[in-house]
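Q: Using the working numbering, the letters of the sequence shown correspond one by one to residues 13 to 62.
Glycine residues also receive a C-beta, built at the ideal position from the N, C-alpha and C atoms.
First the structure, then my questions, so here it is.
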Amino acid sequence: KGVLMTRDLVPTEPKVQELKFYVPDVGPVLSVHTDGTGGRGELVSYSRGG
């Protein structure tokens with residue numbers, strides 16, 4: 013709930029895209045390359061500060 017997804021495109025390479033997912037008060041939690049390379053970055057741990 014409340015997750016924002018963005019899609020980054022490369023105009024010169026139409027098959028290259030990166031999907032990024034952001035959670036409020038946490039930040040980026042997942043990025044996935046959709047060009048078939050299997051590139052992926054994910055947040056595996058989070059501790060609320062304060």
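Using only the alpha-carbon positions, how far apart do E25 and V41 sit?
A: Spanning the two alpha carbons is a distance of roughly 25 angstroms.
Q: Roughly how far, in whole angstroms, is the beta-carbon of V15 from the beta-carbon of V44, given that I think they are within contact range, below 8 angstroms?
A: Rounded, the Cβ-Cβ distance is 13 angstroms, inconsistent with contact.
Q: Only counting the same chain, and skipping five residues up and downstream in sequence, which positions put a Cβ closer than 6 angstroms to that of F33?
A: Counting only Cβ-Cβ distances below 6 angstroms, and skipping sequence neighbours, we find V15, M17, V41 and L42.
Q: Find out if the Cβ-Cβ distance for the pair G48, K27 is shorter than 9 angstroms.
A: Yes.
Q: From the DSSP output, in three-state form, read off V38 for me.
A: Note: V38 maps to coil in three-state DSSP.
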